[in-house]
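K.L.:
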Amino acid sequence: MIYLLLSVLSSTIIFVVFRLYTRFNVNTLQAIIVNYFIACTVGFFGYIEGSDFSHVPSENWFPGALMLGVLFITVFNLAAITTQKSGLSVVAVATKMSVAIPVLFGIFLYKESTGALKLTGIVLALAAVYLTSIKTREGLTIKSKNLIFPLLVFLGSGIIDTSLKYLETSYVAEEDVGLFSSTIFATAGALGVLILIVQAFLGKLKISFRNILGGIALGIPNYYSIYFLVMALRSNGFESSTIFTINHVAIVTLSTLTGILLFREKLLKKNWIGLAIAVISIILVANSAI
């Protein structure tokens with residue numbers, strides 16, 4: 000349970016850092032790319048024994064780590080496009096509602112429990128995510144021609160979580176969790192550099208110290224959000240469908256409360272209802288595992 004809590008706290012710090020990007024005019028793409036290399040470095044120096052990495056390409060989990068690295072940077076860019084075309088609320092809903100994919104994966108592939116208490120909690124969790132993510136009275140507005148982008152964000156985010164569970168269960172030894180996580184971030188960072196190279200050739204690249212600093216601030220909690228999530232999935236206390244549900248809903252809840260306290264965000268009635276439902280869903284899902 001402690002790993003799950005630490006993953007939620009790390010993800011909430013990520014939310015705070017992203018909010019500060021707007022305040023300090025940080026270029027999100029550049030900061031994200033720097034963040035991947037910082038996260039990779041944290042893993043290499045903090046959680047990996049020895050300095051010989053020549054065996055990494057021969058590890059069974061290596062192709063999966065490469066795929067996740069590609070998905071990380073791809074989903075980020077899709078989220079940026081979705082934000083431009085449909086707004087932040089659409090991205091928030093698509094990202095958090097994607098928890099349905101790993102939950103269904105756990106239930107159907109790993110034959111995890113499906114008691115009435117748990118299923119009720121999962122349904123309430125999805126409702127809570129939706130209600131807390133909508134920041135306008137009008138709700139979501141998506142033009143039909145732009146629907147593909149939030150759909151891809153939804154699928155990509157869900158596939159990332161599902162792949163983490165599958166690889167962690169099937170291929171990644173406990174002593175390799177740090178190396179596995181770092182390889183994912185290194186792959187995403189390398190692809191990000193290619194994007195910057197293209198921007199440089201197009202004359203659109205302008206790097207500033209604030210973007211690098213923003214990447215450093217993001218990279219540390221980002222690494223731990225993945226590392227602790229993988230460690231939580233390895234624990235014997237909860238099934239993966241329970242872990243993912245609690246993780247996503249707790250992040251939404253804590254991030255919303257943090258926004259109120261630190262950034263004086265004003266919530267709509269539907270947001271408050273969503274928070275209340277979120278607490279209920281966490282209680283139901285957690286109790287179903289006892």
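Counted from 1, the sequence shown has number 12 at position 13 by numbering that gives the first Met the number 0; the numbering is strictly sequential.
C-beta atoms are modelled at their ideal positions from N, C-alpha and C, and glycine is treated no differently.
#1: Nearest by alpha-carbon distance to Val102: which of Ser85, Arg209, Tyr165, Asn235 is it?
#2: Evaluate the contact criterion for the region 267 to 277 versus the region 119 to 130: three or more CB pairs, one atom per stretch, below 8 angstroms.
#3: Among Leu261, Lys269, Ala288, Asn246, which residue has its Cα nearest to the Cα of Thr94?
#4: May I ask you to report which of helix, strand or coil DSSP gives His247?
#5: Classify Ser53 as buried or exposed, calling it buried when 16 or more other Cβ atoms lie within 10 Å of its own Cβ.
#6: Going by beta carbon distance, what residues of the same chain come within less than 8 angstroms of Gly42, once the five residues before and after it are set aside?
#7: What number of angstroms, rounded off, separates the C-alpha of Lys294 from the C-alpha of Ile133?
#8: Which residues mark the beginning and the end of the alpha helix (DSSP H) in which Pro56 is found?
#9: Around the C-beta of Ala304, are 16 or more other C-beta atoms found within 10 angstroms, so that it is buried, or is it exposed?
#10: Shortest alpha-carbon distance to Val248 belongs to which of Ala285, Phe104, Gly218?
#11: Rounded to whole angstroms, what is the Cα-Cα separation between Ile121 and Lys205?
#12: Output the boundary residues of the alpha helix (DSSP H) element that contains Gly167.
#13: Does DSSP put Ser280 in a helix, a strand or coil?
#14: Taking the continuous alpha helix (DSSP H) assigned at Leu130, which residues delimit it?
#15: Helix, strand or coil: how does DSSP classify Tyr35 here?
#16: Look at the Cβ atom of Phe17, then the Cβ atom of Gly218, and state whether they are nearer than 9 angstroms.
#17: Considering only residues of the same chain and omitting the five flanking positions on each side of Ser234, which have a CB-CB separation below 7 angstroms?
#18: Any idea if Glu167 is buried or exposed, counting beta-carbon neighbours within 10 angstroms, 16 or more meaning buried?
#19: Enumerate in chain order the residues of its own chain whose CB-to-CB distance from Ser85 is below 6 angstroms, with the five nearest sequence positions on each side excluded.
#20: Which whole-angstrom value is the C-beta distance of Gly105 and Glu238, which I expect to be below 8 angstroms?
#21: Do the region 8 to 22 and the region 192 to 205 meet, that is, are 3 or more Cβ pairs less than 8 angstroms apart?
#22: For Ile80, which residues in the same chain have their Cβ closer than 8 angstroms to its Cβ, ignoring the five residues on either side in sequence?
P.N.:
Considering the structure as presented:
#1: Tyr165
#2: yes
#3: Asn246
#4: helix
#5: exposed
#6: Gly177, Leu178, Ser180, Ser181, Phe184, Tyr222, Tyr226
#7: There is simply no residue 294 to check, as the chain begins at 0 and stops at 289 in what is shown.
#8: Careful: Pro56 lies outside any alpha helix (DSSP H) and carries neither H nor E.
#9: The structure shown has nothing for residue 304, since the chain only spans 0 to 289.
#10: Ala285
#11: 44 angstroms
#12: With the sequence shown as reference, residue 167 is identified as Glu, and Gly is not the correct amino acid for it. From DSSP, the alpha helix (DSSP H) with Glu167 extends over 147 to 169.
#13: helix
#14: 115 to 132
#15: helix
#16: no
#17: Tyr2
#18: buried
#19: Ile141, Asn145
#20: 6 angstroms
#21: no
#22: Phe148
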